[in-house]
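Read through the structure below, which is laid out as structure tokens, and then see the notes.
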């Protein structure tokens, strides 16, 4: 049949089952006689494709569900007749189907994700959250990976959610025990629990031992030097216990000992207060170093030979001058660079 001569004639005028083949009883969608050419070609009945170009978006159910294939009983989420098919489906095929969430940006996720219309919160959902703003953690392309946006969370309020019910809380083996009084963000970041590093800038006014007591955080070991001093008197670095800086004594006599001298060099019996070895000379250098005094290098007069003694040099500040005689009035030689601020004298 040359159909070019009947282009203005409705197909069903001939294709009525009498003149020519009409619509069979099992026709797709059970359509009544109409414009066959909407789907069929003049060369063959199949394949047949409907041209959806002139169909108003969102009106799929006008045909699909009445005169054409509708929602099957096993449709994802049930027979949600209120939703437009083209929210998920394309006009070329039912599958693959992907929901276009741009048309529901003002609709709470749980309105659909309620396990009736479409899949909702599973029983084992992280933190057992009740239906709410799914998009706080999830994106519209997939449930996972899921990441919560902490940018709008007030610092220091972590345990409002991280309480073990709403979201993951402190585990039983948490460092220092379940210290619920401390804010999580003192140590942790919002991108992951680990690595965790304590931010000591937020506790500058708090004595170290308030936390470093062996319960909340690492405290003194059994082998630690006996002292009542605060940790930061010797430990000046909040990132590590070592290296240990030398202790700043209150008296000016130990200034030269503040670098490179271990506490145990003087505190030999591990006591915070030690006795002077040579109490008669305290608090000068000789109070500790009188036993190390060497007379030979400390000439006072060369002829006749006279030496300085410990009493004269107890503070390590003498022995700069050599005199002409025993009257000690005329200096014959002045020595420079001889003062020993550290060690024996």
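Residue numbers (the working numbering): 457 to 801. No residue lacks a Cβ here, since even glycine has one placed at the ideal position from N, Cα and C.
For this session: State the DSSP-derived secondary structure class of residue 779, mapped to helix, strand or coil.
Result: Within the chain shown, residue 779 is the residue found at index 323, counting from 1. It is a strand residue.
Exercise. Which of helix, strand or coil does DSSP assign to residue 764?
Worked result: Taking the first residue of the chain shown as 1, we reach residue 764 at position 308. Looking at residue 764 - three-state DSSP - the assignment turns out to be coil, as it is neither helix nor strand.
Problem set entry | Exposure label - residue 766; buried when at least 16 CB within 10 Å | Numbered from its first residue, the chain shown carries residue 766 at position 310. Buried, since its Cβ has 16 or more Cβ neighbours within 10 Å.
For this session: Tell whether a beta-carbon distance below 8 Å holds between residue 680 and residue 674.
Result: As a working note, residue 680 is residue 224 in the chain shown. As a working note, residue 674 is residue 218 in the chain shown. Cβ atoms of residue 680 and residue 674: not closer than 8 Å.
Exercise. Taking C-alpha atoms, which residue in 483, 604, 647, 645 lies nearest to residue 504?
Worked result: Counted from its first residue, the chain shown places residue 504 at position 48. Nearest of 483, 604, 647, 645 to residue 504, Cα basis: 483.
Exercise. Cα-Cα, which of 754, 761, 770 is closest to residue 791?
Worked result: Stepping through the chain shown from its first residue, residue 791 is reached at position 335. With distances taken between Cα atoms, residue 791 lies closest to 754.
Problem set entry | Bridge partners - residue 758, DSSP secondary structure assignment | Walking along the chain shown from the start, residue 758 turns up at place 302. DSSP output for residue 758 lists 761 as bridge partner(s).
Exercise. Among the residues of its own chain, which have a CB less than 8 Å from the CB of residue 576, if the five just before and after it don't count?
Worked result: On the chain shown, residue 576 is found 120 positions in, with the first residue counted as 1. Closer than 8 Å at Cβ, skipping near neighbours: 566, 569, 570, 587.
For this session: State yes or no: is the C-beta of residue 436 within less than 8 Å of the C-beta of residue 735?
Result: The requested residue 436 does not occur in the structure, where the chain is confined to residues 457 to 801.
Exercise. In terms of DSSP beta bridges, what is residue 524 paired with?
Worked result: Counting from 1 along the chain shown, the entry for residue 524 is found at position 68. In DSSP, residue 524 forms a bridge with 520.
Exercise. What are the residues that DSSP puts in a beta bridge with residue 569?
Worked result: Position 113 of the chain shown, counted from the start, is the residue given in the question as residue 569. Beta-bridge pairing links residue 569 to 574.
Problem set entry | Alpha-carbon spacing of residue 619 relative to residue 613, whole angstroms | Reading the chain shown from its first residue, position 163 is the one you call residue 619. Reading the chain shown from its first residue, position 157 is the one you call residue 613. Cα-Cα distance, rounded: 11 Å.
Exercise. So, residue 420 versus residue 467, is the Cβ gap smaller than 8 Å?
Worked result: Any question about residue 420 goes unanswered here, given that the chain covers just 457 to 801.
Problem set entry | alpha helix (DSSP H) segment containing residue 671, residue limits | On the chain shown, position 215 is the one that residue 671 refers to. From DSSP, residue 671 is part of no alpha helix (DSSP H); its letter is neither H nor E.
Exercise. Taking the Cβ atom as the reference point for each residue, do residue 756 and residue 762 lie within a distance shorter than 8 Å?
Worked result: Taking the chain shown and counting its residues from 1, the one referred to as residue 756 is at position 300. Taking the chain shown and counting its residues from 1, the one referred to as residue 762 is at position 306. Yes; because the gap between Cβ atoms is below 8 Å, this pair is in contact.
Exercise. Which value, in whole angstroms, describes the spacing of the CA atoms of residue 772 and residue 696?
Worked result: Residue mapping note: residue 772 aligns to position 316 of the chain shown, counting from 1. Residue mapping note: residue 696 aligns to position 240 of the chain shown, counting from 1. Their backbone Cα atoms lie some 37 Å apart in a straight line.
For this session: Measure the C-alpha to C-alpha separation of residue 528 and residue 645 and round it to an integer number of angstroms.
Result: Counting from one through the chain shown, the residue named residue 528 turns up at place 72. Counting from one through the chain shown, the residue named residue 645 turns up at place 189. Taken atom to atom, the span from the alpha-carbon of residue 528 to that of residue 645 is near 48 Å.
For this session: Hey, could you find the ends of the beta strand (DSSP E) residue 788 is sitting in?
Result: Walking along the chain shown from the start, residue 788 turns up at place 332. Unbroken beta strand (DSSP E) run through residue 788: 787-790.
For this session: Can you give me the start and stop residues for the alpha helix (DSSP H) that residue 752 sits inside?
Result: Working through the chain shown from its first residue, we reach residue 752 at position 296. First-last for residue 752: undefined, no H or E at that position.
Exercise. Rounded to the nearest angstrom, how far is the Cβ of residue 615 from that of residue 643, given a contact under 8 Å?
Worked result: Position 159 of the chain shown, counted from the first residue, corresponds to residue 615. Position 187 of the chain shown, counted from the first residue, corresponds to residue 643. Their Cβ separation, rounded to whole angstroms, is 13 Å, which puts residue 615 and residue 643 out of contact at 8 Å.
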